[in-house]
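Chain order of the listed sequences is V and U.
Under our numbering, the residue at position 30 of the first sequence is numbered 44, and the numbers go up by one with no gaps.
Under our numbering, the residue at position 19 of the second sequence is numbered 25, and the numbers go up by one with no gaps.
Every residue, glycine too, gets a C-beta built ideally from N, C-alpha and C.
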Amino acid sequence: MNDPAERLPDVDFEGVGPRVGDRFPDVVLPDQSGRPVDLHRHRGDRTALVVFHRSADW
Amino acid sequence: MQLVELQRTVHATREDEVAVVAISYDPVEVLAEFAARQGITYPLLADAGSQVITALGMHNTTIAEEVAVWGRTLGERHRGLPYPGTFVLGADGTIVEKVFERSHRIRPAGGVFLERLGVEDVRERTVVTGAAPGLAVAAWVDAPRYFPNQIVGLHLRFAVEQGFHVYVPPTPPGFTDLSLEIAHPEGVVLRGARLPAGRPFRLEGVDGEFHVAEGEFDVTVPFHVREDLGSVRLDVAVRHQACTERICLPPGRVELSIEMEEIRA
Chain V
15 MNDPAERLPD
25 VDFEGVGPRV
35 GDRFPDVVLP
45 DQSGRPVDLH
55 RHRGDRTALV
65 VFHRSADW
Chain U
7 MQLVELQRTV
17 HATREDEVAV
27 VAISYDPVEV
37 LAEFAARQGI
47 TYPLLADAGS
57 QVITALGMHN
67 TTIAEEVAVW
77 GRTLGERHRG
87 LPYPGTFVLG
97 ADGTIVEKVF
107 ERSHRIRPAG
117 GVFLERLGVE
127 DVRERTVVTG
137 AAPGLAVAAW
147 VDAPRYFPNQ
157 IVGLHLRFAV
167 EQGFHVYVPP
177 TPPGFTDLSL
187 EIAHPEGVVL
197 RGARLPAGRP
207 FRLEGVDGEF
217 HVAEGEFDVT
227 VPFHVREDLG
237 SVRLDVAVRH
247 QACTERICLP
257 PGRVELSIEM
267 EEIRA
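The following block contains the structure:
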């Protein structure tokens with residue numbers, strides 16, 4: 015059976031984005047209410063999941 | 007969808023310990039409408055123009071090829087898309103793990119990340135995770151060190167993508183059912199792994215009865231190690247195929263390795 019996933023381009027994800035072991039960069043962006051959110055400040059001393067995703071629209 | 011699933015699992019149960027933050031190129035208005043409709047209360051950050059996505063090196067530069075593989079047309083909406091990555095941060099803000107998928111749609115369930123973050127009862131344990139189309143797997147052992155000839159459990163937690171199921175044995179020939187292979191050094195003695203029985207399922211137009219498992223389920227493999235093996239590594243390979251009533255994702259393979267040290271007197 016055809017497996018399209020095998021034809022996806024090879025990407026070395028270790029080299030994509032910030033690296034394991036580094037501090038996650040400072041990010042300040044508006045959230046859904048329009049207020050700016052400083053990611054680390056919002057996190058405080060909690061652990062975190064930072065999820066990059068495509069549009070919420072499609 | 008992953009954002010909603012994280013709201014209902016990680017955010018709803020562990021907000022005091024784990025911050026969930028999402029980043030996309032959507033403008034605030036689109037995120038506001040989505041958050042209201044889906045009941046998302048953690049921050050959905052608006053990186054309109056993908057400036058942060060690009061500055062962080064997360065911009066998907068292979069999107070044209072990917073779109074071609076899926077048989078779609080490259081469009082304006084693909085501009086500035088990030089790779090579908092999730093970063094797990096420790097309490098000090100350091101990146102503990104990065105999990106990338108090959109599609110935005112199929113991503114590990116929140117429960118898998120909870121284990122990885124050391125929440126619930128596994129704070130001291132190393133949890134390894136892996137994912138393939140439609141399935142995320144987390145693995146850990148009872149303790150980081152084993153005592154010779156004492157039985158230890160290797161735990162595997164499976165999270166099937168919502169809306170999908172995986173086939174479990176017995177399955178008619180030609181279909182990939184869930185299977186486990188564990189490679190180990192001589193001197194490690196494994197007990198059998200019991201996969202879930204699943205529920206009976208019939209596929210229209212296909213002879214034979216299937217059995218399917220869905221949602222989250224655990225498999226424990228008890229084992230013991232004979233004396234003087236020192237450091238031990240278990241290599242787990244999971245094969246599976248995730249399907250809905252109508253479509254199947256490509257069969258997948260997840261490989262995980264767990265290491266244990268020996269407790270010396």
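CB contact check: residue i to chain V, cutoff 8 angstroms
i             : result
residue 30/U  : yes
residue 24/U  : yes
residue 288/U : Since the first and last residues shown for chain U are 7 and 271, residue 288/U lies out of range.
residue 78/U  : no
residue 93/U  : yes
residue 127/U : Legend: pLDDT at residue 127/U = 43, less than 50; position of this residue unreliable, value from coordinates given subsequently. It does not; no Cβ of chain V falls within 8 angstroms.
residue 167/U : no
residue 16/U  : yes
residue 8/U   : yes
residue 239/U : no
residue 83/U  : yes
residue 177/U : no
residue 68/U  : yes
residue 253/U : no
residue 172/U : no
residue 71/U  : yes
residue 132/U : no
residue 220/U : no
residue 244/U : no
residue 49/U  : yes
Paired residues, beta bridge with residue i - DSSP
i             : result
residue 269/U : Per DSSP, none; premise fails for residue 269/U.
residue 229/U : 158/U and 196/U
residue 61/V  : 24/U
residue 30/U  : 52/U
residue 186/U : 244/U
residue 264/U : 240/U
residue 44/V  : 50/V
residue 181/U : Its beta-bridge partners do not exist; DSSP assigns none.
residue 65/U  : 88/U
residue 217/U : 206/U
residue 166/U : 141/U
Cβ-based burial, residue i [other Cβ within 10 Å; buried from 16]
i             : result
residue 76/U  : exposed
residue 56/U  : buried
residue 14/U  : exposed
residue 242/U : buried
residue 147/U : buried
residue 21/U  : exposed
residue 127/U : Interpretation of residue 127/U is limited by its pLDDT of 43, a score under 50 that renders its predicted location unreliable; the figure taken from the coordinates is listed afterwards. Exposed, since its Cβ has fewer than 16 Cβ neighbours within 10 Å.
residue 129/U : Reliability fails at residue 129/U, whose pLDDT of 40 lies under 50, so the model's placement of it is uncertain and no value is given.
residue 180/U : exposed
residue 29/V  : exposed
residue 66/U  : buried
residue 141/U : buried
residue 183/U : buried
residue 212/U : exposed
Proximity test, Cβ basis, 8 angstroms: residue i and chain U
i            : result
residue 55/V : no
residue 26/V : no
residue 45/V : yes
residue 52/V : no
Residue span of the beta strand (DSSP E) that contains residue i, given as start and end
i             : result
residue 52/U  : 50-52
residue 94/U  : 91-95
residue 143/U : 141-147
residue 51/V  : 50-52
residue 134/U : 134-138
residue 171/U : 171-173
Test item: CB-CB of residue i and residue j under 8 angstroms
i             : j             : result
residue 94/U  : residue 107/U : no
residue 26/U  : residue 43/V  : no
residue 139/U : residue 248/U : yes
residue 54/U  : residue 33/U  : yes
residue 135/U : residue 105/U : yes
residue 29/U  : residue 69/U  : no
residue 161/U : residue 137/U : no
residue 268/U : residue 89/U  : no
residue 41/U  : residue 46/V  : yes
residue 276/U : residue 232/U : Since the first and last residues shown for chain U are 7 and 271, residue 276/U lies out of range.
residue 260/U : residue 186/U : no
residue 38/V  : residue 214/U : no
residue 58/V  : residue 101/U : no
Check: residue i C-beta below 7 angstroms from any heavy atom of the ligand SAH
i             : result
residue 266/U : The ligand SAH is absent from the structure shown, which contains no ligand whatsoever.
Residue range of the alpha helix (DSSP H) that includes residue i
i             : result
residue 75/U  : 69-75
residue 101/U : Counting along the chain, residue 101/U falls outside any alpha helix (DSSP H), though it belongs to the beta strand (DSSP E) covering 101-106.
residue 60/U  : 57-61
residue 10/U  : 8-12
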